[in-house]
Amino acid sequence: MKLRYLLLLPELVLLFFFVFPIWKRICNPGNLAGILVCLFLLFVTIFPRKFAHIVQRCWEPLGGKIGLSAVGILLAAGLTFSAVMSVQMVRTICTKPTAPETVVVLGCKVRGTRPSRMLIRRLEAAQAYLEENPDVLCITTGGQGAGEDVPEGQAMRDWLIGHGIAAERIIAEYTSKDTQENLEHAAAILQEQGLGEQVVIITDGFHQYRASLLAKRAGLQSESVCAKTNPLYVPTYWVREWMALFQLLVLGHG
Numbered sequence: 010m011k012l013r014y015l016l017l018l019p020e021l022v023l024l025f026f027f028v029f030p031i032w033k034r035i036c037n038p039g040n041l042a043g044i045l046v047c048l049f050l051l052f053v054t055i056f057p058r059k060f061a062h063i064v065q066r067c068w069e070p071l072g073g074k075i076g077l078s079a080v081g082i083l084l085a086a087g088l089t090f091s092a093v094m095s096v097q098m099v100r101t102i103c104t105k106p107t108a109p110e111t112v113v114v115l116g117c118k119v120r121g122t123r124p125s126r127m128l129i130r131r132l133e134a135a136q137a138y139l140e141e142n143p144d145v146l147c148i149t150t151g152g153q154g155a156g157e158d159v160p161e162g163q164a165m166r167d168w169l170i171g172h173g174i175a176a177e178r179i180i181a182e183y184t185s186k187d188t189q190e191n192l193e194h195a196a197a198i199l200q201e202q203g204l205g206e207q208v209v210i211i212t213d214g215f216h217q218y219r220a221s222l223l224a225k226r227a228g229l230q231s232e233s234v235c236a237k238t239n240p241l242y243v244p245t246y247w248v249r250e251w252m253a254l255f256q257l258l259v260l261g262h263g
């Protein structure tokens, strides 16, 4: 009984981390998957005998044995993949730039004409890096999506200019729809400007590993500067990133 209560507390805390972002209008496959897993764990913890009975009943027929075995294999494979991806994600987060290079700021939601809070954190990281490296240029990336009155690249450029970064240091890209296009279009700008292939990508930490893979696809060599992410959102976006990496690495879709 005591063990059950000890398990309930972290499960409820984890459930809170996945549910809370919904109140902030953040709803994506990451928190939906997290909520489902948490509810399953809570059911197993609260009703262990009922769960064991269900498993036993399912195991009795041959089809049940095959089905449960397949589920077990898929679960083990999923846990292994998630663990390996998490290690790679953390390694990329911990990698610091070795030399000043052109900055590429990846787009994020704009509300009307104003950057969202997550995008502002990316821009704050870009501002700090550009102030530390006054000879470095910056490419802001992102097209115009639903609910956005201006392209993300333009809103980002306007914000940086408004916070003291010289306009001639910022090149805005206005047409990309996702991270892959962000980096492909940035690569085209770099080539046009003769700026080389080495860049510093500024985005949230959970996003850096996938961004580095997509940068390599676009012919770029990248290093990372991470924006500060609200800790309450990290589990949701971390799980969503596992899904995006599975799509990229296993299914071959960016």
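Position one of the sequence shown corresponds to residue 10 (our numbering), numbered consecutively onward. Even glycine gets a Cβ: it sits at the ideal position worked out from N, Cα and C.
For residue i, three-class secondary structure by DSSP
i: ASP213; result: strand
i: SER231; result: strand
i: ILE174; result: coil
i: GLY39; result: helix
i: PRO143; result: coil
i: GLY121; result: strand
i: THR245; result: helix
i: ALA108; result: coil
i: VAL208; result: strand
i: GLU161; result: helix
i: ALA253; result: helix
i: ALA155; result: coil
Own chain partners of residue i with C-beta closer than 6 Å, once the 5 adjacent residues on each side are dropped
i: LEU192; result: LEU223, ALA224 and ALA227
i: PRO106; result: VAL209 and GLU232
i: VAL93; result: none
i: VAL113; result: ILE148, ALA195, VAL208 and ILE210
i: LEU50; result: GLU20
For residue i: DSSP bridge partner residues
i: VAL28; result: VAL28 pairs with nothing; no bridge assigned.
i: ILE180; result: ILE148
i: VAL113; result: ILE148 and ILE210
i: ALA236; result: ASP213
Neighbourhood of residue i by C-beta, 7 Å cutoff - its chain only, sequence neighbours within 5 removed
i: ASN142; result: PRO109
i: LYS237; result: ARG130
i: ALA196; result: ALA227, GLY228 and LEU229
i: VAL53; result: PHE60
i: LYS74; result: TRP68
i: THR122; result: ASP158, VAL159 and ALA164
i: LYS186; result: GLY152
Whole-number beta carbon distance between residue j and residue i, since they are thought to touch under 8 Å
i: ARG131; j: THR212; result: 6 Å
i: GLN217; j: SER233; result: 5 Å
i: ARG249; j: GLY39; result: 3 Å
i: TYR242; j: ILE35; result: 6 Å
i: CYS67; j: LEU77; result: 6 Å
i: CYS47; j: LEU23; result: 5 Å
i: GLU161; j: GLY151; result: 3 Å
i: THR111; j: LEU204; result: 5 Å
i: ALA134; j: CYS235; result: 7 Å
i: ARG166; j: THR149; result: 5 Å
i: ILE102; j: GLY214; result: 4 Å
i: THR188; j: LEU115; result: 6 Å
Exposure label - residue i; buried when at least 16 CB within 10 Å
i: PRO70; result: exposed
i: VAL119; result: buried
i: CYS147; result: buried
i: GLU157; result: buried
i: LEU88; result: exposed
i: ALA253; result: buried
i: LEU128; result: buried
i: GLU182; result: buried
i: GLU190; result: buried
i: LEU21; result: exposed
i: PRO57; result: exposed
i: LEU260; result: exposed
i: LEU18; result: exposed
i: PRO124; result: buried
i: PRO240; result: exposed
Neighbour flag for residue i against chain B, beta carbons, 8 Å
i: ARG58; result: Of the protein chains in the structure, only one exists, and it is not chain B.
Close beta carbons around residue i, own chain, < 8 Å, minus the five adjacent residues each side
i: GLN6; result: Outside the modelled stretch of the chain, which goes from 10 to 263, sits residue 6, for which no answer is possible.
i: GLN202; result: LEU146 and ILE180
i: ILE44; result: LEU24, PHE27 and VAL28
i: ARG178; result: LEU139, VAL145, LEU146 and CYS147
i: GLU206; result: ALA196, LEU199, GLY228, LEU229 and GLN230
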